[in-house]
Amino acid sequence: MAYLQHPERDQPVYLVAHHTIGRRQGAVDTRITTAEISGIHAAIQWTGTHWNIRDLSRNGTWLNDQQLVPAKNYSLQHGDKICFGRANNPIWVVENLDAPENLLIDLRTGEAQLLEHYHLLPNESEPLASLHFNPITGQWQYEFTGNSAEGGNRSLVGHDDRIDCGLCSWQLFLADNQGATKELALQQLSITDFHLRFSVSAHEEHVQLQLQQEELTQPLPARIHNYLLLYLARARFKDMQDGMDQDSQGWVSIQVATHELGITVNHLNTQIFRARKQISESLPDAVDISNLVERRSWEIRLGCHQFEIHKSTQLEARTDSEEE
140 MAYLQHPERD
150 QPVYLVAHHT
160 IGRRQGAVDT
170 RITTAEISGI
180 HAAIQWTGTH
190 WNIRDLSRNG
200 TWLNDQQLVP
210 AKNYSLQHGD
220 KICFGRANNP
230 IWVVENLDAP
240 ENLLIDLRTG
250 EAQLLEHYHL
260 LPNESEPLAS
270 LHFNPITGQW
280 QYEFTGNSAE
290 GGNRSLVGHD
300 DRIDCGLCSW
310 QLFLADNQGA
320 TKELALQQLS
330 ITDFHLRFSV
340 SAHEEHVQLQ
350 LQQEELTQPL
360 PARIHNYLLL
370 YLARARFKDM
380 QDGMDQDSQG
390 WVSIQVATHE
400 LGITVNHLNT
410 QIFRARKQIS
420 ESLPDAVDIS
430 NLVERRSWEI
440 RLGCHQFEIH
450 KSTQLEARTD
460 SEEE
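Residue numbers (our numbering): 140 to 463.
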């Protein structure tokens with residue numbers, strides 16, 4: 140996470156991949172309000188291997204007491220000292236030159252944590268919400284799951300937005316325009332494009348899951364949340380057998396699901412978050428996993444319609460699209 144040390148504040152100034160400094164409000168990433176600073180005064184840019192600085196101003200930018208030639212790129216080094224406008228203006232120090240990273244910055248402490256492509260909030264042990272990057276739309280989604288009829292509320296969030304969850308608040312810092320590196324071979328894939336293979340032990344103590352999509356096969360170890368996915372798969376398969384249309388298949392009342400599974404609503408929400416996170420970490424970043432479990436008012440269902448269930452050595456269920 141590359142950053143400069145602000146000359147008048149303790150908190151660092153983290154750098155986006157193309158970072159602008161200047162006086163024009165709303166047009167630059169870091170604003171300096173003194174009169175000699177141009178609207179867009181300078182730019183610091185990640186090239187893929189290193190950081191450059193470029194002067195774009197009328198009054199000059201200074202690097203280690205040397206004035207930069209306007210519009211010329213200069214490579215930055217750790218410990219470099221930068222002044223904007225005049226050589227004797229406050230000094231900004233280059234403290235870190237790592238590649239740009241997406242961050243969550245704690246608004247109370249100023250501490251930054253790396254943002255994962257599927258990130259649980261406020262923490263992984265007791266998640267109340269998630270931040271998730273959708274590689275198909277190129278947008279970040281914030282999903283808060285509470286005990287209301289509108290559970291599963293999703294909203295789009297962007298760079299510099301405030302994220303509130305529980306007693307914690309963060310600033311969302313997105314270091315580049317896309318928010319993630321897309322892998323071209325899997326650029327438009329969703330989890331609903333995958334075939335799910337459930338392997339269930341005889342007494343159903345263990346449920347293993349395998350994901351398949353053409354030549355990609357990804358086995359996942361047994362986890363408690365896999366049983367929730369199995370439960371939803373069985374509900375969807377029953378509706379398929381009853382001839383229901385695809386839009387109506389598999390919807391289960393949250394009240395019924397929690398009663399039959401013997402868990403609370405909060406526990407159910409936690410299992411959904413953890414299932415998404417496990418799959419997100421096992422697949423390339425370009426696969427959208429947000430529809431693994433779909434929601435509508437007081438109901439949920441498995442979003443995937445291609446699956447098979449093997450209990451012990453017997454085939455229990457296989458969706459029509461996979462039948463030979």
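Glycine included, each C-beta is placed from N, C-alpha and C at the ideal position.
Close-in-space but distant-in-sequence residues of the same chain around residue i (CB under 8 Å, 5 per side omitted)
i, result
"His145", "Pro151, Val152 and Trp231"
"Gln410", "Ile363, His364, Leu367 and Ile402"
"Ser308", "Asp245, Leu246, Arg247, Arg301 and Ile302"
Residue i (DSSP reduced to helix, strand or coil)
i, result
"Asn203", "coil"
"Gln417", "helix"
"Asn273", "strand"
"Gln385", "helix"
"Leu242", "strand"
"Pro168", "It should be pointed out that residue 168 corresponds to Asp in this sequence rather than to Pro. The answer is coil: DSSP assigns Asp168 none of H, G, I, E or B."
"Asn227", "coil"
"Glu328", "Sequence check: residue 328 is Leu here, not Glu. Residue state, collapsed to three classes: coil."
"Leu359", "strand"
"Leu407", "helix"
"Phe412", "helix"
"Ser264", "coil"
"Val426", "coil"
"Ala182", "strand"
Host alpha helix (DSSP H) of residue i (start-end)
i, result
"Ala396", "Ile393 to Leu400"
"Ala374", "Ile363 to Gln380"
Contact under 8 Å by Cβ, residue i with residue j
i, j, result
"His364", "Ala414", "yes"
"Glu447", "Arg362", "no"
"Pro274", "Leu154", "no"
"Ile183", "Gly224", "no"
"Gly243", "Cys304", "Rather than Gly, the amino acid found at residue 243 in this sequence is Leu. No. Outside cutoff."
"Leu313", "Asn203", "no"
"Leu295", "Ile302", "no"
"Arg375", "His298", "no"
Close-in-space but distant-in-sequence residues of the same chain around residue i (CB under 6 Å, 5 per side omitted)
i, result
"Gly249", "Gln150"
"Leu431", "Ile330, Arg415 and Gly442"
"Asn198", "Glu175 and Gly224"
"Leu323", "Bear in mind that a pLDDT of 33 at Leu323, under 50, signals an unreliable position, so the model cannot answer this."
Segment limits, beta strand (DSSP E) that includes residue i
i, result
"Val432", "Val432 to Arg435"
"Leu450", "Rather than Leu, the amino acid found at residue 450 in this sequence is Lys. Here the beta strand (DSSP E) through Lys450 covers Phe446 to Lys450."
"Ala251", "Ala251 to Leu253"
"Gln347", "Val346 to Gln352"
"Arg301", "Arg301 to Cys304"
"Cys307", "Cys307 to Phe312"
"Val339", "His334 to Val339"
"Asn212", "Asn212 to Ser214"
"Asp237", "Where Asp237 is concerned, there is no enclosing beta strand (DSSP E), given that its DSSP letter is neither H nor E."
Nonlocal neighbours in the same chain, by C-beta distance under 7 Å from residue i, ignoring five residues either side
i, result
"Gln164", "Arg170"
"Ala319", "Any answer about Ala319 is weak, because its pLDDT of 33 lies below 50 and its placement is not dependable; what the coordinates show is given next. Excluding residues within five positions, the ones whose Cβ falls inside 7 Å are His256, Phe272, Pro274 and Asp424."
"Glu455", "Ile448 and His449"
"His217", "Val233 and Leu236"
Distance cut-off 7 Å: residue i Cβ against heavy atoms of the ligand COA
i, result
"Asp300", "This structure lacks the ligand COA; in fact it carries no ligand of any kind."
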